[in-house]
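Q: Just dropping this structure here.
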Amino acid sequence: MQLAAKIRTGDRMSKNNHQADVEFIAALAALLREHDLTEVEVRREYGEDDALDVRVARGVMPTAPVMAAPAPLPPAAASAAPHQPAKAEAAASDDPAQHPGAITSPMVGTAYLQAEPGSPAFVQVGDTVTEGQTVLIIEAMKTMNQIPAPRAGKVKRILVEDGSPVEFGAPLLILE
Amino acid sequence: MQLAAKIRTGDRMSKNNHQADVEFIAALAALLREHDLTEVEVRREYGEDDALDVRVARGVMPTAPVMAAPAPLPPAAASAAPHQPAKAEAAASDDPAQHPGAITSPMVGTAYLQAEPGSPAFVQVGDTVTEGQTVLIIEAMKTMNQIPAPRAGKVKRILVEDGSPVEFGAPLLILE
Amino acid sequence: MFKKILIANRGEIALRVIRACQEMGIASVAVHSTADADAMHVRMADESVCIGPPSGTLSYLSVPNIISACEITGAEAIHPGYGFLSENAAFVQALEDHEITFIGPSSAHIRMMGDKITAKETMINLGVPCVPGSDGGVPDLAAARKVAESMGYPVIVKATAGGGGRGMKLAKTAKDLDTAFSSARSEAKAAFGNDEVYIEKYLQKPRHIEVQVFGDGKGRAVHLGERDCSLQRRHQKVFEEAPSPAIDAETRARIGKTCADAIAEMGYSGAGTIEFLYEDGEFYFIEMNTRLQVEHPVTEAVYDVDLVREQILVAAGEGMTMQQENLLPRGHAIECRINAEKLPDFRPSPGRIAAFHAPGGLGVRMDSALYQGYSIPPYYDSLIGKLIVFGQDRPTALARLRRALGELIVDGVDTTTPLFHALLDEPDIQTGNYTIHWLEKWLESNT
Amino acid sequence: MFKKILIANRGEIALRVIRACQEMGIASVAVHSTADADAMHVRMADESVCIGPPSGTLSYLSVPNIISACEITGAEAIHPGYGFLSENAAFVQALEDHEITFIGPSSAHIRMMGDKITAKETMINLGVPCVPGSDGGVPDLAAARKVAESMGYPVIVKATAGGGGRGMKLAKTAKDLDTAFSSARSEAKAAFGNDEVYIEKYLQKPRHIEVQVFGDGKGRAVHLGERDCSLQRRHQKVFEEAPSPAIDAETRARIGKTCADAIAEMGYSGAGTIEFLYEDGEFYFIEMNTRLQVEHPVTEAVYDVDLVREQILVAAGEGMTMQQENLLPRGHAIECRINAEKLPDFRPSPGRIAAFHAPGGLGVRMDSALYQGYSIPPYYDSLIGKLIVFGQDRPTALARLRRALGELIVDGVDTTTPLFHALLDEPDIQTGNYTIHWLEKWLESNT
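As given, the protein sequences belong to chains A, B, C and D, one line each in that order. According to this note's numbering, the first sequence is numbered sequentially starting from 107. According to this note's numbering, the second sequence is numbered sequentially starting from 107. According to this note's numbering, the third sequence is numbered sequentially starting from 1122. According to this note's numbering, the fourth sequence is numbered sequentially starting from 1122.
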């Protein structure tokens, strides 16, 4: 069983509404379970610049066995657990990937933030980059591929660590 | 079974209406379940900038293969078709069974409306019967079982034909 | 061949029989209680008849309603599945009177095996090994010693009038016998006012081994080897395998022949199971089940047969197709009983199935009446599915079982699936080193 | 043994390989396009790597991304499944360069069999029967007559420079040859400016028979009999069975040995299939597939083997466990390819699966990556499941297939299931009397 909640709140929303939001979402989740729903989607506008989108979904899809499977042993180490930690991470990284300023990886490989160990990083948070400037390198098939900035902008976040593996489409950094 | 609800509410709705929202969604979900609906879509405008869109959908349970199976042939005449004509009839007869005045069969067998061929029927539509009066006979295991009226009343409908098979709980006649 | 068969059962075993009917071109009639109107066996059968309210006593055990259901649908034969009326001699007698064919043995054989004493006497006469005992009361210590020595220690001294463990004393070796005999007698005297005692062989760490037999009702019978069902909780089997990790080919052939010969001699018809305790290379008869067992699929996998089809063939008078010389076991099969029960207390967990996904792929068989959206009613037993895996050898079957358990999804109710994940981690399960006490002890120390 | 394998595929075949990995205690890495992020193979694998956008060319066919996925996950070997990169010699060469083990034959063998002419020459040299032909141009009628008589009528005269059916003339008997030869020449001259023609044996009603072979890469090889895949639509197989209704044990042993010997001689490693046209008791080589076939499960059922496990064992250098003398076929297996296609036009029908319920019970295997709520993406092929049934004989398998098809529920998209219901009603299917033209003709007259 998976339970996914995605929340987007407007800028103006004061922090003391978080509590109310969470309660509302909790109520929706309870409703979902009680009525065997798979999905509730609510769009709620409270006023200008104050909106709440909630989507709460519960999988009807194949899910992990309800009880935690015991630690695997040879010769059957690979017991199927449809939801892998790897998946969870991927899901968590959805947000930056959706960011309009995100630069995503055009290939699978290993990301490097500098040309070689000890060299300065190509970019740092706060740097202004020009279009075409190398922002990092992805090593794939023993080849170093320079990843250029697709446009000029300011580096808001760097989302990968030096030497970390990246999938196709993984967000690398956010340019604003 | 999947169930999806999508709600959009208008601007004016104040935050303390969360409770009302949740109740409304719950009511729709209950309605869906109660009436075996697959989808309800409601658009309600309370006033300017105050509107509510709800879509609640419940998915299909395993049903017969979508395409009609071709006429069966030996040696495999009995291809599985989860919904049988027999079932459909049973479903159709739900209504009289739910009638508060229905007398249902306490056993499985063959119903007879008269004591023997050629005899007059025990009761006819419009007859007034007294409590304990035999209204029909059910033959089971070669034994004739007299079915008495559970109370006095007037025969409104006779729901079985003479000689027809009846299941447990099948409505026999309606007494008012 | 029959044109129409009524299945006097529900759940996965009703499906099992309906599937066999479909494959043989026989129309099937499901019977059901009002609580089972939406059940899978009702959906899959060609016809269905509601036979009573939720209570099993008033529906699946209602002989008049089931016979009437045959009469109104024209079904010529009844398959009883297991449980319910499957070993009810009076029911079978009633069917005989109504000229409805019972797919199973005669009422006489059911009655014979339903009575423990008659069953044991019959088996002894047929050469089937039973727990050795003193054939009635033992008058004195000298007689006790003689009996005990003839069967070998340990022995247990039991009050003839006894029960509930009172008046029962264990003698592990010859030197314990004096004390055991006298204290059993005095305890029996005090408890029941009768100091007569008898002596039986005592089994310390037996396995539950059962032999699948099949007779054609005309004096020919075969065996299909054994199943090991030692893993039990409160006398309920939970995990069964074939072949047994403890039985070799020679032992299998020997006990199998003994059982098949006995069945042939009896003129038994259809499927049966002779259950034994097994210890130190010896078999001790417990009882015979005169029906299809829950765990029959492991035998089907290993012997590559369709037992329900054979049952129907024999009941229809067409004879059985199995011949002993062609029944050669191969590979290894394991069954897990998936129950709707909440661990660790095995509390029944009826409810609505929010999601159901059966495991697939090579060597996996799932027998289950579940479907997504189905509500498991609270009135019947909690078995909701049987997962059977087959592999070339036991390690392959165990690995496949773990893989398949990982694919099984039953959401909305609690199931015993996690128990099997945990069992597969146990070295004793991996090596097959377990007795009928193993699971209870393991549960005690793991909860 | 490998610790981690990457599966460079999707759908049911990726699941098939992941299951084998799980049963062998090997970690699995799924790769997927962005369109397949929720796919079953991604859910079931231990790890997953997104390798590209929906287009297969940019994802499942992206050699750099797949090799990089191995590198970042530490996978030591790649199983290619079927399709995609499974017969791409350049890919295998690249893996060899990166010291990643390809679970399949060498790039040299893939290249050899990927070229039709080299493949045919190789097979002829290895004694595998091919379609007899004139070995190049035939100068005159006398030579033509000699060639035609040596191979037997009917023969077809074809323009060496030809194509598209032009310059092709059939000679059913010897007395047609004169006309056929001269008209083929003049037509060839007119169409291609070159009147050279050659002659080939003409097959009128062949079956598609393929032999499963398996080599250990060290000169030992076995065969696992044949599959009959004659039921095809537009050269796509839809229904496969083993054994073929047209092949007897002696013929099987003979062609099997020929194929196994050829494979052994080649030093071939892993699973392969040698495809033939079969007519009047003779086999004519078409091509060799140097990979696992979609329809491999029918062979697994009949020979009781796990071909993917054997592939992995051989690739890991542990050798194959199969030995020819132990490979004894038993029973009968049939596979139906369930495609998400709308009949009668077989138009692809991608979409969301509103309900999925797999058939169960004895003798039924379902290989499918579907689950309730899954959306079939429109980018890839339409195969959504393989239903494989096994029975003691062909009639039992057919009856079981009908039963299992009746249990299969796939709601939300159209599937080819109704086609199989209809086929099972056809006397020719029931008797096994079909050729490679049967299905196309039947579809024409039934739509």
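Just so you know, even glycine gets a beta-carbon here, dropped at the ideal spot from N, CA and C.
In the DSSP assignment, what are the bridge partners of C/GLU1321?
A: Position 200 of the third sequence, counted from the first residue, corresponds to residue 1321 of chain C. For C/GLU1321, which the question treats as bridged, DSSP gives the partners C/GLY1254 and C/ILE1277.
Q: What are the boundary residues of the alpha helix (DSSP H) that C/ASP1382 is part of?
A: Here residue 1382 of chain C refers to the residue found at position 261 of the third sequence. Element bounds for C/ASP1382: 1370-1387.
Q: Using only the alpha-carbon positions, how far apart do D/GLU1308 and D/TYR1323 sit?
A: On the fourth sequence, position 187 is the one that residue 1308 of chain D refers to. On the fourth sequence, position 202 is the one that residue 1323 of chain D refers to. Cα to Cα, the separation comes out at about 19 Å.
Q: Is the CB of B/GLY215 under 8 Å away from at least one CB in chain C?
A: Here residue 215 of chain B is taken as the residue at index 109 of the second sequence, counted from 1. By this cut-off, B/GLY215 is an interface position.
Q: Mapping DSSP to helix, strand and coil, what is C/ASP1159?
A: On the third sequence, position 38 is the one that residue 1159 of chain C refers to. C/ASP1159: coil per DSSP, three-state reduction.
Q: Mark D/SER1227 as exposed unless 16 or more other C-beta atoms lie within 10 angstroms of its C-beta, in which case mark it buried.
A: Walking along the fourth sequence from the start, residue 1227 of chain D turns up at place 106. Result: buried.
Q: When the distance is taken between beta carbons, is C/ILE1139 closer than 8 Å to C/MET1165?
A: The count along the third sequence starts at 1 and reaches residue 1165 of chain C at position 44. The count along the third sequence starts at 1 and reaches residue 1139 of chain C at position 18. Yes, the Cβ-Cβ distance between C/MET1165 and C/ILE1139 is below 8 Å.
Q: If we count Cβ pairs, one from each stretch, closer than 8 Å, do we get three or more for the segment 1549-1565 of chain C versus the segment 1458-1468 of chain D?
A: Result no; under three Cβ-Cβ pairs closer than 8 Å.
Q: Rounding to the nearest angstrom, what Cα-Cα distance links C/ARG1451 and C/GLU1421 in this structure?
A: Within the third sequence, numbered from 1, the residue matching residue 1451 of chain C stands at position 330. Within the third sequence, numbered from 1, the residue matching residue 1421 of chain C stands at position 300. About 11 Å.
Q: Using 8 Å for Cβ pairs, my map puts D/SER1154 next to D/SER1180. What's the rounded Cβ distance?
A: Within the fourth sequence, residue 1154 of chain D is the residue found at index 33, counting from 1. Within the fourth sequence, residue 1180 of chain D is the residue found at index 59, counting from 1. Between D/SER1180 and D/SER1154 the Cβ distance is about 4 Å, and since that is below 8 Å, they are a contact.
Q: Which value, in whole angstroms, describes the spacing of the CA atoms of C/VAL1170 and B/MET250?
A: As a working note, residue 1170 of chain C is residue 49 in the third sequence. As a working note, residue 250 of chain B is residue 144 in the second sequence. Going from the Cα of C/VAL1170 to the Cα of B/MET250 covers about 20 Å.
Q: Taking buried to mean at least 16 other C-beta atoms within 10 Å of its own C-beta, is C/GLU1439 buried or exposed?
A: Position 318 of the third sequence, counted from the first residue, corresponds to residue 1439 of chain C. That one is exposed.
Q: Using the three-state DSSP reduction, which class does C/ALA1240 fall into: helix, strand or coil?
A: What you label residue 1240 of chain C is simply residue 119 of the third sequence in a count that begins at 1. Here C/ALA1240 sits in helix by DSSP.
Q: Taking 8 Å as the cut-off, decide whether the C-beta atoms of C/THR1537 and C/LEU1464 are in contact.
A: Numbered from 1 along the third sequence, position 416 holds the residue referred to as residue 1537 of chain C. Numbered from 1 along the third sequence, position 343 holds the residue referred to as residue 1464 of chain C. Yes, these two residues count as a Cβ contact at 8 Å.
Q: Quick check for students: name the residue ranges of the beta strand (DSSP E) that lie wholly in the segment 1497-1538 of chain C, counting only runs of 3 or more.
A: The qualifying runs are 1504-1512 and 1530-1532.
Q: Rank C/ILE1193, C/GLY1512, C/GLN1414 and C/GLU1208 by C-alpha distance to the C-alpha of B/GLY215 and give the top, closest one.
A: Stepping through the second sequence from its first residue, residue 215 of chain B is reached at position 109. That would be C/ILE1193, whose Cα lies nearest to the Cα of B/GLY215.
Q: Considering only the beta carbon of each residue, do C/ALA1151 and C/ALA1141 sit closer than 8 Å?
A: Start at 1 with the first residue of the third sequence, and residue 1151 of chain C comes out as number 30. Start at 1 with the first residue of the third sequence, and residue 1141 of chain C comes out as number 20. No. Outside cutoff.
Q: Identify the contact partners of A/GLY275 in chain D, using a Cβ-Cβ distance below 7 Å as the criterion.
A: Taking the first residue of the first sequence as 1, we reach residue 275 of chain A at position 169. The answer, in chain order, is THR1155 and CYS1171.
Q: Would you tell me roughly how many angstroms separate the C-alpha atoms of C/GLY1512 and D/PRO1327, rounded to the nearest one?
A: For the purposes of this step, residue 1512 of chain C is identified with residue 391 of the third sequence, where counting begins at 1. For the purposes of this step, residue 1327 of chain D is identified with residue 206 of the fourth sequence, where counting begins at 1. Taking the straight line from one Cα to the other gives about 37 Å.
Q: Would you list the one or two residues that DSSP bridges to A/GLN252?
A: Counted from its first residue, the first sequence places residue 252 of chain A at position 146. Bridge partners of A/GLN252: A/ILE243.
Q: Could you name the residues of chain F that D/PRO1185 contacts, counting a contact when the two beta carbons are closer than 9 Å?
A: In the structure shown, chain F cannot be found, because the protein chains are A, B, C and D.
Q: As a quick exercise: from A/PRO271, A/LEU281, A/GLY232 and A/PRO202, pick the residue whose alpha carbon is nearest that of D/ASN1186.
A: For the purposes of this step, residue 1186 of chain D is identified with residue 65 of the fourth sequence, where counting begins at 1. D/ASN1186 has its Cα closest to that of A/PRO271, out of A/PRO271, A/LEU281, A/GLY232 and A/PRO202.
Q: To the nearest angstrom, how far is the alpha carbon of B/ALA170 from that of D/ALA1312?
A: Position 64 of the second sequence, counted from the first residue, corresponds to residue 170 of chain B. Position 191 of the fourth sequence, counted from the first residue, corresponds to residue 1312 of chain D. The pLDDT assigned to B/ALA170 is 31, lower than 50, so where the model puts this residue is not dependable; a value taken from the coordinates is nonetheless given after this. B/ALA170 and D/ALA1312: Cα-Cα distance of roughly 56 Å.
Q: Are the C-beta atoms of C/LEU1136 and some chain D residue less than 8 Å apart?
A: In the third sequence, residue 1136 of chain C corresponds to position 15, counting from 1. Cβ-Cβ to chain D under 8 Å: yes for C/LEU1136.
Q: Beta-carbon within less than 6 Å of D/TYR1501's beta-carbon, same chain only, minus the 5 sequence neighbours each way: which residues are those?
A: Counting from 1 along the fourth sequence, the entry for residue 1501 of chain D is found at position 380. If we look at D/TYR1501 and ignore the five residues flanking it on each side, it has no Cβ neighbours.
Q: Against chain C, with Cβ distances strictly below 8 Å, would D/SER1149 count as a contact?
A: Counting from 1 along the fourth sequence, the entry for residue 1149 of chain D is found at position 28. No, D/SER1149 does not count as interfacial toward chain C.
Q: For my contact list, D/GLU1396 and D/HIS1329 are in at a C-beta cut-off of 8 Å; report their separation, rounded to the angstrom.
A: Sequence index remark: in the fourth sequence, residue 1396 of chain D carries index 275 (1-based). Sequence index remark: in the fourth sequence, residue 1329 of chain D carries index 208 (1-based). About 7 Å separates the two Cβ atoms, so the contact holds.
Q: Quick one: is C/SER1470 buried, meaning 16 or more other Cβ sit within 10 Å of its Cβ, or exposed?
A: Translated into the one-based positions of the third sequence, residue 1470 of chain C becomes position 349. Buried, by the Cβ-count rule.
Q: How long is the line joining the alpha carbons of D/ARG1412 and D/ILE1199, rounded to whole angstroms?
A: Stepping through the fourth sequence from its first residue, residue 1412 of chain D is reached at position 291. Stepping through the fourth sequence from its first residue, residue 1199 of chain D is reached at position 78. Approximately 13 Å between the Cα atoms of the pair.
Q: Between which two residues does the alpha helix (DSSP H) carrying C/ASP1218 extend?
A: To locate residue 1218 of chain C, count along the third sequence from 1; it is residue 97. 1210-1218 is the extent of the alpha helix (DSSP H) around C/ASP1218.
Q: Within 8 Å (strictly less), CB to CB, does C/PHE1190 reach chain B?
A: One-based indexing of the third sequence puts residue 1190 of chain C at position 69. In the sequence as presented, Phe is not what sits at residue 1190 of chain C; that position holds Ala. Yes, C/ALA1190 counts as interfacial toward chain B.
Q: For B/PRO271, return the contacting residues in chain C, with the cut-off set at a CB-CB distance below 7 Å.
A: Indexing the second sequence from 1 puts residue 271 of chain B at position 165. Those within 7 Å of B/PRO271 in chain C are ILE1193.
Q: Excluding the five sequence neighbours on either side, which residues of its own chain have a C-beta within less than 8 Å of the C-beta of B/ALA203, listed in chain order?
A: Counted from its first residue, the second sequence places residue 203 of chain B at position 97. Closer than 8 Å at the Cβ level, and outside the excluded window around B/ALA203, lie THR210, GLY275, ALA276 and PRO277.
Q: Measuring CA to CA, which of D/ALA1363, D/LEU1448 and D/SER1303 is closest to D/ILE1455?
A: In the fourth sequence, counting from the first residue as 1, residue 1455 of chain D sits at position 334. Looking at the Cα atoms, D/ALA1363 is the closest of the given residues.
Q: Could you pull the DSSP bridge partners for D/LYS1290 from this structure?
A: Your numbering for residue 1290 of chain D matches position 169 in the fourth sequence. According to DSSP, D/LYS1290 bridges with D/VAL1278.
Q: Excluding the 5 residues preceding and the 5 following A/MET173 in the sequence, name in chain order all residues of the same chain whose CB lies nearer than 6 Å to its CB.
A: To locate residue 173 of chain A, count along the first sequence from 1; it is residue 67. With a pLDDT of only 31 at A/MET173, under the threshold of 50, the placement of this residue in the model should not be trusted; the figure read from the coordinates follows. If we look at A/MET173 and ignore the five residues flanking it on each side, it has no Cβ neighbours.
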